[in-house]
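The sequence shown begins at 499 in this note's numbering and counts up one residue at a time. For glycine and all other residues, C-beta sits at the position ideal for the given N, C-alpha and C.
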Amino acid sequence: MFFFFRKPTVTVNCFISELHTAAAEYAPVEKASSFIPQWFKDLPSPSDNDILKYGLGIPGTPTEITTIKHCQGLVNAMTAGIIIPMWSELAINWDADKLQFKFADTYSELHTHNNVQAKGFLDDYHILKLVSPWVLGCSEPMKFASFPTTLFSGMNTEYRQLYGILKTVSSKNALSTNQFLLLKKQQSVNTVMINFRTPILHYVPMNNDKKLKVKCIVDTKEHDRLRAIAGVRPFFFRNSLKQLVLDRVKNKCPL
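Shown next as structure tokens:
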């Protein structure tokens, strides 16, 4: 006898203020599977006979090759978690010393960080913090990892992103969704345009035993309340760090 158990569902509540109502309507937070790029969809599936058409064209090599759709790791990465798309078109001009930017909505924010904050690592980059209008909460405690959106936005992006492991998100522990962007300093003036609805944040749950449901909510009061909570830093840092270490030992986490 076989027993099939459905994964329990966790709702990711995504709050945004009325100022960004258009973003909530036309560029909402969605599951990552909603942003799979067209080039990936166009590739033959593992069971597709069209795969016979793909050959390297090099003497002595097989004429039948697979595509990256056979790579389960990439498929999992492109279908796991949620994507926050760009909520406004953003243009950035920069060189080695100066940086200018402009949002289409005229009120979104972008902050710069001093290179001293990552001395010896990001000395040759402009460090930018993209202030996201979204604040997240979960119906049950959930921990996420943040990944670059290269698989969704392409390899030709002029900016770089960093990986991160985020704090546990719950209904009482909100998460602000700001994102770091890194621009290589150049002697000549460079320009990058990040279009509306471009995938800019990819959050993947660190455990795969729950099914995610995404709910976008326009509520200025609740958004502001949660953002204030998300910005609070622990006063007793030593105790927080000690608890973090104990949790990792308990869960046999290698990190």
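- Query: Taking only runs of the alpha helix (DSSP H) that begin and end inside the segment 631-677, which ones reach a length of at least 4 residues, in chain order?
  - Reply: 648-651
- Message: Taking its Cβ as the centre, do 16 or more other Cβ atoms sit within 10 Å of Ser606, making it buried, or is it exposed?
- Response: The residue in question, Ser606, is buried, as its Cβ has 16 or more Cβ neighbours within 10 Å.
- Query: Under a three-way DSSP split, which group does Ile692 fall into?
  - Reply: strand
- Between which two residues does the alpha helix (DSSP H) containing Phe473 stretch? Residue 473 cannot be examined here, being either before or after the span of the chain that is shown, 499 to 753.
- Span of the beta strand (DSSP E) around Tyr623: Counting along the chain, the beta strand (DSSP E) containing Tyr623 begins and ends at 623-629.
- Taking the alpha carbon of Asp593 as the point to measure from, which residue in Lys713, Lys708, Lys682 has its own alpha carbon closest? Lys682
- Task: Would you check if the segment 626-634 and the segment 512-530 touch, i.e. whether three or more CB-CB distances between them fall below 8 Å?
- Result: yes
- C-alpha gap between Pro506 and Pro535, whole angstroms: 28 Å
- Query: According to DSSP, what are the bridge partners of Gln685?
  - Reply: For Gln685, which the question treats as bridged, DSSP gives no partner whatsoever.
- Message: For Arg504, count the other beta carbons within 10 Å of its own beta carbon; 16 or more makes it buried, fewer makes it exposed. Which is it?
- Response: exposed
- Over the uninterrupted beta strand (DSSP E) stretch that includes Ala589, give me the two end residues. 588-592
- Query: By DSSP, does Val702 sit in helix, in strand, or in coil?
  - Reply: strand
- Task: Excluding the 5 residues preceding and the 5 following Thr610 in the sequence, name in chain order all residues of the same chain whose CB lies nearer than 8 Å to its CB.
- Result: Once the five neighbours on either side are set aside, the close Cβ partners of Thr610 are Leu597, His624, Ile625, Leu626, Lys627.
- Of the residues Asn591, Thr519, Met640, Asp540, which one's Cα is nearest the Cα of Trp757? Nothing about residue 757 can be read from this structure; the chain reaches only from 499 to 753.
- Message: Looking at the secondary structure, which residues open and close the alpha helix (DSSP H) in which Val614 lies?
- Response: No alpha helix (DSSP H) holds Val614; DSSP gives it neither H nor E.
- Message: By alpha-carbon positions, which one of Val614, Ser669, Ile698, Ser686 ends up nearest to Phe650?
- Response: If we check each option's Cα against that of Phe650, Ile698 comes out closest.
- Using DSSP bridges, identify the partner residues of His721. Note: His721 sits in no beta bridge, so no partner.
- Query: Given that a residue counts as buried once 16 or more other Cβ atoms are within 10 Å of its Cβ, and exposed if not, what is Ala525?
  - Reply: buried
- Message: One question on the structure: do Ala530 and Thr565 come within less than 8 Å of each other, judged by their Cβ atoms?
- Response: It is not a contact, given that the beta carbons lie outside the stated cut-off.
- Check whether the segment 636-644 touches the segment 665-672, counting contact only when three or more Cβ pairs, one atom from each stretch, lie closer than 8 Å. yes
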